[in-house]
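Quick note: the sequence shown uses the UniProt record's numbering, first residue 1, plus one each step. Contents: one structure, followed by commentary.
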Amino acid sequence: ISSKKLLWLRVEKVKQNHWRSVFTEQHEHKSFLLEMEKVIRGGQAIVIGGGLLGISTSYFLSVHLGKNVVLITRDPPLSVTSSVSTEAYRTFWGADNLMSAFVERSLCLMEDLAGGKDGDDADGSLDLGDQGYLYVARDPEVVDSLRSAASVPSSWPSPPLLFLNSLQLHERYPWLSSSLEGGLLASRCGFLNANELGSYLLQRSRLTGRFSTLLGEALHRDSTGSVLLCSQDNGATHFGVALDSDTCIVNCAGPWMNQVHSRLQDGDKPLPLVNKLHCKTSVIDNTSCSMPNSAPMVIGMDSLPVNTLYGEDEMEVVAEFLPPQIAKLESFPPGVHCRPAGASRLLIWEFVFRDQHRLDHSQDPSWPIDPGIFSPMYGELCLSAMARYVPGFKALRNQRVRVDGGWYACTPDGRPLIGHTAGSNGNYIVCGGVAGYGVMSSLSCGALAAKIATGTDCGSDDCDFLEGFSPMREMGPPKYTGISNK
Numbered sequence: 001i002s003s004k005k006l007l008w009l010r011v012e013k014v015k016q017n018h019w020r021s022v023f024t025e026q027h028e029h030k031s032f033l034l035e036m037e038k039v040i041r042g043g044q045a046i047v048i049g050g051g052l053l054g055i056s057t058s059y060f061l062s063v064h065l066g067k068n069v070v071l072i073t074r075d076p077p078l079s080v081t082s083s084v085s086t087e088a089y090r091t092f093w094g095a096d097n098l099m100s101a102f103v104e105r106s107l108c109l110m111e112d113l114a115g116g117k118d119g120d121d122a123d124g125s126l127d128l129g130d131q132g133y134l135y136v137a138r139d140p141e142v143v144d145s146l147r148s149a150a151s152v153p154s155s156w157p158s159p160p161l162l163f164l165n166s167l168q169l170h171e172r173y174p175w176l177s178s179s180l181e182g183g184l185l186a187s188r189c190g191f192l193n194a195n196e197l198g199s200y201l202l203q204r205s206r207l208t209g210r211f212s213t214l215l216g217e218a219l220h221r222d223s224t225g226s227v228l229l230c231s232q233d234n235g236a237t238h239f240g241v242a243l244d245s246d247t248c249i250v251n252c253a254g255p256w257m258n259q260v261h262s263r264l265q266d267g268d269k270p271l272p273l274v275n276k277l278h279c280k281t282s283v284i285d286n287t288s289c290s291m292p293n294s295a296p297m298v299i300g301m302d303s304l305p306v307n308t309l310y311g312e313d314e315m316e317v318v319a320e321f322l323p324p325q326i327a328k329l330e331s332f333p334p335g336v337h338c339r340p341a342g343a344s345r346l347l348i349w350e351f352v353f354r355d356q357h358r359l360d361h362s363q364d365p366s367w368p369i370d371p372g373i374f375s376p377m378y379g380e381l382c383l384s385a386m387a388r389y390v391p392g393f394k395a396l397r398n399q400r401v402r403v404d405g406g407w408y409a410c411t412p413d414g415r416p417l418i419g420h421t422a423g424s425n426g427n428y429i430v431c432g433g434v435a436g437y438g439v440m441s442s443l444s445c446g447a448l449a450a451k452i453a454t455g456t457d458c459g460s461d462d463c464d465f466l467e468g469f470s471p472m473r474e475m476g477p478p479k480y481t482g483i484s485n486k
């Protein structure tokens with residue numbers, strides 16, 4: 001690690017302490033004044049949350065089902081979790097065929113939008129690319145598991161899988177490390193432009209004349225259920241939204257789903273959600289020295305001994321900036337992955353933050369996120385690990401990196417929550433819990449939520465989704481846990 005980068009890391013550590021105190025002070029002084037100053041007319045549907053799921057739900061309600069929709073969002077649309085997405089998609093979900101089918105449907109809907117098949121010419125192609133996901137390894141046992149995954153007969157909706165031996169791997173991707181022994185390429189996976197997708201859905205909704213947006217927060221419903229009390233300007237002003245008896249409410253509030261749920265469904269039990277911190281790092285690669293822009297998502301499947309990343313003296317410096325439970329490890333787990341994004345390269349290594357920050361239903365996620373949460377060493381770790389698979393990243397290690405992220409709401413079984421809750425009164429549903437796959441599943445989520453909220457016949461194709469994603473289902477462990485369960 002260069003002396004220049006070491007100095008930057010120490011400065012970042014000082015900044016963490018400053019921002020932590022600032023954000024704590026802001027949180028302690030937050031309050032709401034429950035005085036309603038005006039009442040506005042609501043629509044046939046109220047959608048809470050301006051992320052891609054809320055926007056997608058609003059789109060299907062207004063454009064496809066002809067409903068008058070009011071979207072209530074605390075922050076400008078697409079400005080919170082949706083703005084820090086890795087913007088990738090995969091239809092490869094291991095043994096979880098239901099999730100494969102769900103994301104496949106969402107992808108088909110995106111392709112229809114990009115091709116103008118929704119009744120209007122799309123404003124752009126959504127930048128849909130089918131670069132694939134490439135799982136690579138040098139460990140013989142891991143390589144065998146990749147080979148086994150490809151040998152299992154593929155059936156819809158699982159995508160085709162292709163095993164590449166060492167020779168084939170390096171013929172196709174010469175920028176990979178020559179020491180890699182094999183790889184698994186999953187097709188029907190790639191990248192997209194989440195902001196362009198969300199902007200297009202908003203545009204189409206507005207053109208109907210049946211869609212409006214209110215910047216504010218939904219606080220609670222009155223005892224008669226005829227008024228939804230909301231706040232604006234960080235609680236400085238309050239207003240009411242008049243509700244008809246058949247007005248449906250869709251909770252798409254992302255990390256704040258449980259907070260909205262407790263306000264609107266007084267007495268209902270909390271949703272089975274945990275908010276986890278998800279962060280990514282980006283580094284500029286103007287010369288494409290690491291990987292070409294046409295490269296697939298690369299996922300490293302080997303455990304990485306610390307001494308293969310850093311020397312003994314170097315590790316002493318690195319440990320200064322790592323959480324104690326990570327600094328003491330002798331080997332780092334697999335899973336570092338990277339994708340090209342224009343002149344940048346986006347990297348994620350979930351183990352670094354996976355168990356560091358978890359919020360249950362009683363904890364309100366802060367936004368913007370306290371910058372002190374992100375370890376200044378996170379980007380360095382990602383670059384060092386990816387350099388084991390893509391040697392070109394060695395040239396980028398001393399560059400300054402950018403780290404951002406968001407709170408991801410996830411369920412115990414890794415599947416979304418879409419539908420009525422146990423205590424809902426019939427016109428309230430939830431749509432969320434899509435940690436790590438919100439962008440790729442957004443259109444399927446919105447289409448299903450819109451049908452459920454309005455009582456529209458879902459058809460036989462949706463029966464499995466209705467049951468598998470119901471908030472009242474029994475939840476076991478995730479079916480998709482990696483390559484080994486294919």
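For every residue, glycine included, the Cβ atom is placed at its ideal position computed from N, Cα and C. All values derive from a computational prediction rather than experimental measurement.
For the region 214-224 and the region 409-426, state whether three or more C-beta atom pairs, one from each stretch, are separated by less than 8 angstroms.
Touching, no.
Three-state secondary structure (DSSP) at E35?
Legend: pLDDT at E35 = 47, less than 50; position of this residue unreliable, value from coordinates given subsequently. Correct three-state label for E35: coil.
Starting from W407, follow its DSSP beta bridges and name the residues at the other end.
DSSP, once it has assigned bridges, lists L277 as partnering W407.
I need the boundaries of the alpha helix (DSSP H) containing C252, first residue and last residue.
Segment: none, C252 is in no alpha helix (DSSP H) and carries neither H nor E.
Where does W152 sit, in a helix, a strand or coil, going by DSSP?
Just to set this straight, residue 152 is Val in the shown sequence, not Trp. Three-state DSSP puts V152 in coil, outside helix and strand.
Can you give me the C-alpha to C-alpha distance between Q44 and V241, rounded to a whole angstrom?
Cα to Cα, the separation comes out at about 11 angstroms.
What span of residues does the alpha helix (DSSP H) with Y200 cover, start to end?
That run of the alpha helix (DSSP H) goes A194 to L207.
Can you tell me which residues form a DSSP beta bridge with L53?
Answer is none; L53 lacks a bridge partner.
Would you say the beta carbon of Q232 comes nearer than 7 angstroms to a heavy atom of the ligand MG?
The ligand MG is not part of this structure, which contains no ligands at all.
Pair every Cβ in the region 396-406 with every Cβ in the region 280-300, then say whether three or more of these pairs are closer than 8 angstroms.
Short answer: they touch.
Please classify Q232: does DSSP put it in a helix, a strand, or coil?
Three-state result, Q232: strand.
Are P77 and I55 close, meaning C-beta to C-beta below 8 angstroms?
Yes; because the gap between Cβ atoms is below 8 angstroms, this pair is in contact.
May I have a chain-ordered list of the beta strand (DSSP E) segments no shorter than 3 residues that lie completely inside the region 44-112?
Counting only runs of 3 or more, we get 45-48, 69-73 and 88-90.
Would you mind working out which of A449, N293, L167 and R358 sits nearest A341, comparing C-alpha positions?
With distances taken between Cα atoms, A341 lies closest to N293.
What do you reckon, are the CB atoms on R358 and K276 nearer than 8 angstroms?
Contact: yes.
Can you give me the Cβ contacts of A395 inside the same chain, cut-off strictly under 6 angstroms, excluding the 5 residues immediately before and after it?
Result list for A395: C289, in chain order.
N165 to A150, Cα distance in whole Å?
C-alpha separation (whole angstroms): 12 angstroms.
Is it buried or exposed for R41, if we count other Cβ within 10 angstroms and need 16 for buried?
R41 should be labelled exposed.
Using only CA atoms, which one of F92, S212, R138 and Y389 lies nearest to M440?
Minimum Cα distance to M440 is reached at F92.
Select from V80, D130, L202 and L201 the residue whose C-alpha is nearest the C-alpha of S187.
The candidate whose alpha carbon is nearest that of S187 is D130.
Would you call P365 buried or exposed, if buried means 16 or more other Cβ atoms sit within 10 Å of its Cβ?
Under this definition P365 is a buried residue.
Only counting the same chain, and skipping five residues up and downstream in sequence, which positions put a Cβ closer than 7 angstroms to that of G476?
The answer, listed in chain order, is D413.
Please list, in chain order, all residues of the same chain as L207 whose beta carbon is under 6 angstroms from its beta carbon, the five residues on each side excluded.
No residues qualify anywhere along the chain.
By the 10 Å Cβ neighbour count, where 16 or more other Cβ atoms means buried, how is L271 classified, buried or exposed?
Result: buried.
Going straight from the alpha carbon of C248 to that of A95, what length do you get?
Each residue's alpha carbon lies about 35 angstroms from the other.
Using the three-state DSSP reduction, which class does I369 fall into: helix, strand or coil?
Here I369 sits in coil by DSSP.
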